[in-house]
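Notes for the one structure printed next.
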Amino acid sequence: MSPSVPLQEMIRAIRSARTQCEERGVIQRECAAIRAQFRQADNGGRSHTLAKLLYVHMLGYPAHFGQMECVRMIASPRYSEKRVGYLGAMMLLDEKQDASLLITNSIKNDLSHSNQYVQSLALCTLACMGSAEMCRDLAPEIDRLLRASNSYIKKKAALCAVHIVRKVHELGELFAPVARSLLSEKNHGVLHGAVVLIIELCERNPETLERFRKTVPDLVQIMKGLVLSGYSPEHDVAGISDPFLQVRILKLLRILGRNNEGASDAMNDLLAQVATNTDSTKTVGNAVLYETVLTVLDIKSESGLRVLAVNILGRFLLNNDRNIRYIAMTSLQKIVGTDHNAVQRHRGTIVDCLKDQDASVKRRALELSLALVSASNVRSMMKELLLFLSSCPAELRAHAASGIFNAAERYAPSQRWHIDTMLHVLITAGGDVRDETVPNLIQLITNASELHCYTVHKLYRALLTDISQQSLVQVACWCIGEYGDLLLRGDCQETEPVQVTEDDALDALETVLQSHMSSPATRGFALTATMKLSTRITDNVDRIRSIVSIYGSCIDVELQQRAVEYNALFKKYDHMRAAVLERMPVIEKNSPGHTNGESTKDIPTAKLKQGEPLLPPQQPANQVCDLLDLLGGSEETLQPSPAFGGTVPGPCINAASTAGGDLLDLLGGLELAPLTPAPPVPVYDKGGLTLTLTCEKQSDTGLTVTLTASNSTDSDISSFTLQAAVPKSVQLHMKAPSGDSLPARGAAKVTQMVVLNNPNKVNLKMRVRISYTHQASAFQDTVQIDSFPGLDAAGH
Amino acid sequence: MIKAILIFNNHGKPRLIRFYQYFAEEMQQQIIRETFHLVSKRDDNVCNFLEGGSLIGGSDYKLIYRHYATLYFVFCVDSSESELGILDLIQGGLSAAPARAVSAVKNMNLPEIPRNINIGDLNIKVPSLSPF
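Quick mapping for you: the protein sequence lines, in order, are chains A and B. Going by the numbering used here, the first sequence opens with residue 1, and the numbers climb by one from there. Going by the numbering used here, the second sequence opens with residue 797, and the numbers climb by one from there.
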């Protein structure tokens, strides 16, 4: 067994290890020596050994075997051992460890020790890792110590009380009276502790807050003393007397003055005095000023004072020190909602901060700039923001892009400007925008009918330069497909004419289709656009036919399906092709599927269909049905196939796969009138829980079953789950249930949809297992369903 | 509320670590590593406030740090603390104190300091590393 080395030797050995492996070796040897030392009888070096263990723990190596040693050392009579023992307890133990319970008794004894340093050790440890039980046990002791005469102990006891209040909120009542009396202390340490305790009490309990409002005059007195007093060497920091206490008192005044006229009035003079008298050349002075400004802005202060505060913030903004600028912007962010005009005055400086190299400052400047965009300054602000977007750090891009979109949406001076801005953003940061941008932009473009020509030219040119930004490429493909004839016509008032031949356009689309950079959704867009061009161009229809038929054997199922459908459109339904592929109607704003969460202010809201995410082409679907009426098809509303638009990826793709087959069926003239939904049939009723069933036939073999559960007992049901089983040849797909808890007395219901597919048309049965928790006990039950309403007896 | 105080050197080796909320040892070391990564990337003339770390407690927390020669002093605080106040704390109060602990390790000569640091609601037991 190697002899134990002094702590410094060990540290030197660890630091001189060249590799991680060597270091681990040194530490393992040391830990073995430490463990051996612990097992030996009491000798003088125990504290030393524990100190070594704590150093090893700090470096990240396991040190749990030292916990019992900590407990032993805390109980030792020697001060040096107690001290390291308590330190070890604070570092190694927390309330989850069992060993922490063992030190409760030691702490209790040490709190009444004659030596104040031992008392302080116990107080520190309790404040650091005291569990709720320990706090409850020892709270009366702490209260007694708070009334002691020793200021050193009172200070520590106050901070321990803060921890107790955080752990066990009810004990706040115990400490409120003594906290009040501590405010008349002279010792700054005790005063500071008392203020922290009062802040904690007020934040947790509004009644306590009311009671402490009466202390505002006392606090004002203390602050005045600090601000106006002369130089005092023990409290001075760079010319300001105890700035830490000043900041703390200002914070308490803020909490007390919030929403209260009386308290705010009492503070007005003081705040004005602090704001004007504090020397702001050093950080210390700025810290006090900052806190004063925050307090003024948060309480009900008079307007002169508010103006003073905003001016101070303006001064901070012009300060050379980046720290000061950063906090100025943070504070301005808080008031930009209420004092908007005051902040607008500083817009120039804020916009300049966008160009600062510091990432934190940039972040703050971006937030504030986005908040400051208004109808009058939108053009200039947008220019700055777009410039920022091209050079901003990667983590801010998505945020900046979405912020720009929102601002553009709200304040766009003209449609052309709006489209230009969105295109610019897509070109600069297309990879970072959110998915809803594409449908939003498309909807915007369709609305601006006089700009179609201009838009499509611009997009075509953008497409030629860069096909890596998916959102941009998707929008460009859509536009080229839709407005291809305008592109090929070549003349356009708004931009320089460029001769685009049909081959060029088809080349561009083919490049997108074949590029490995294009995502599957983008390729879907491109294929549909190619198809649409077949009605808008005259010469190269054969080229389009060949492209489409190639993709009929593509590996991507989505593309393959589209290609096959388009092929069918060429071969069997060529007479309908022109009508099917004609120009899309204007998409209404905010129709379902346009999830426009932020800009809901002035948008005329269309009626939203509840819970149907698949229907952005709802409008075209209606148009399609009109067309089909003309062609003599059925007249029900169908789930539309994206062959008619290819607008939105995602939810539409689902519609495609289910409705693709329907489309062809429909064109062949099959009738698919939906059944009127049958009334719900109760299938289970036991113990207050009722389950009803409704059926809806979707197709010849498909069926959707909806199970609705409700609770008629007097207590809630939680963890409610349903499981279903069906005969082997039937396919079952359970959708997500609407919830898993049933409130009492039928206040709300839970629905679960189950989609069944019965291709072999066997006799349909379903067994449902219900499990839930009611009044803290778990229930489980099974019910068999043999007959489904709306189906005939054989289950077909 | 101060959530953690970390002092580490230019290579990320911890010199003084104090967490005011319980974290498992693995978590603690991970926090130290992530903080070191974030802080060492910073230029010398940028501001001393960092936000956006995901590990140490989510959106409300920011890191306030100061770099002195070979040591980084990092405080992880939430929004109830004054940023400039913490900066003052580092500059005025703390740069003298653990320097003694560090000086014992580095065998440098630094002024004498108290055993317990008690500023605001901060209770630090300075581990005195001289022979007992």
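For each residue, glycine too, the CB sits at the ideal point set by N, CA and C. Because the structure is a prediction, the values reported are computed rather than measured.
Contact with chain A by residue i, beta-carbon distance below 7 angstroms
i, result
"C872(B)", "no"
"Y818(B)", "yes"
"I813(B)", "yes"
"C880(B)", "A quick correction: the sequence has Leu, not Cys, at residue 880(B). True, the Cβ-Cβ gap to chain A drops below 7 angstroms."
"D840(B)", "no"
"Q825(B)", "yes"
"N805(B)", "no"
"G888(B)", "yes"
"F869(B)", "no"
"D884(B)", "yes"
"F832(B)", "no"
Beta-carbon proximity list for residue i, same chain, < 8 angstroms, skipping 5 on both sides
i, result
"Y290(A)", "F316, I327 and S331"
Residues near residue i by beta carbon distance below 6 angstroms, same chain, minus five either side
i, result
"S712(A)", "G688 and G746"
"A643(A)", "Bear in mind that the predicted position of A643(A) carries a pLDDT of just 39, short of 50, making it too unreliable to give a figure here."
"L126(A)", "I107 and C160"
"A263(A)", "R213, V216, L256 and G257"
"V26(A)", "A13, I14 and A17"
"C453(A)", "L486 and C492"
"H418(A)", "A408 and A412"
"N806(B)", "T866"
Coarse secondary structure for residue i, derived from DSSP in three states
i, result
"P439(A)", "helix"
"E877(B)", "coil"
"F244(A)", "helix"
"T782(A)", "strand"
"C492(A)", "coil"
"Q752(A)", "strand"
"A776(A)", "coil"
"T538(A)", "coil"
"T701(A)", "coil"
"F819(B)", "coil"
"K902(B)", "Bear in mind that the predicted position of K902(B) carries a pLDDT of just 46, short of 50, making it unreliable; the figure below should be weighed with that in mind. K902(B) falls in the helix class under three-state DSSP."
"V500(A)", "coil"
"M517(A)", "coil"
"F804(B)", "strand"
"L201(A)", "helix"
Residue i classed as buried or exposed, judged by whether at least 16 other C-beta atoms fall within 10 angstroms
i, result
"V557(A)", "exposed"
"F852(A)", "Chain A is shown only over 1 to 796; residue 852(A) falls outside these bounds and no answer can be derived."
"L867(B)", "buried"
"P439(A)", "buried"
"I445(A)", "buried"
"A793(A)", "In this prediction, A793(A) scores a pLDDT of 47, lower than 50, which makes its location untrustworthy; the coordinate-derived value is nonetheless stated afterwards. Its Cβ having fewer than 16 others within 10 Å, A793(A) is exposed."
"M422(A)", "buried"
"A429(A)", "buried"
"Q20(A)", "exposed"
"V110(A)", "With the sequence shown as reference, residue 110(A) is identified as Asp, and Val is not the correct amino acid for it. Buried, because 16 or more other Cβ atoms sit within 10 Å of the Cβ of D110(A)."
"D840(B)", "exposed"
Neighbour flag for residue i against chain B, beta carbons, 7 angstroms
i, result
"N286(A)", "yes"
"V118(A)", "no"
"T283(A)", "yes"
"Y326(A)", "yes"
"V26(A)", "no"
"V274(A)", "no"
"D279(A)", "no"
"E291(A)", "yes"
"N567(A)", "no"
"D94(A)", "yes"
"V71(A)", "no"
Contact test: residue i Cβ vs the ligand ATP heavy atom, cutoff 6 angstroms
i, result
"S549(A)", "You won't find the ligand ATP in this model; it holds no ligand whatsoever."
Same chain only: Cβ atoms within 7 angstroms of residue i, ignoring 5 sequence neighbours per side
i, result
"S515(A)", "I467"
"V373(A)", "M381, A407 and Y411"
"A744(A)", "N711, T713, D714, S715 and D716"
Any chain C beta carbon closer than 7 angstroms to residue i
i, result
"D298(A)", "In the structure shown, chain C does not exist; the protein chains are A and B."
Would you call the region 236-244 of chain A and the region 262-277 of chain A touching, i.e. three or more CB-CB distances under 8 angstroms? no
Assess contact between the region 729-748 of chain A and the region 760-776 of chain A, defined as three or more Cβ pairs (one per stretch) separated by less than 8 angstroms. Is contact present? yes
Taking 8 angstroms as the threshold, find out whether the region 33-41 of chain A comes into contact with the region 76-89 of chain A through three or more Cβ pairs. no
Whether or not the region 867-882 of chain B and the region 374-389 of chain A are in contact is what I'm after, with contact meaning three or more pairs of Cβ atoms, one per stretch, closer than 8 angstroms; do they touch? no
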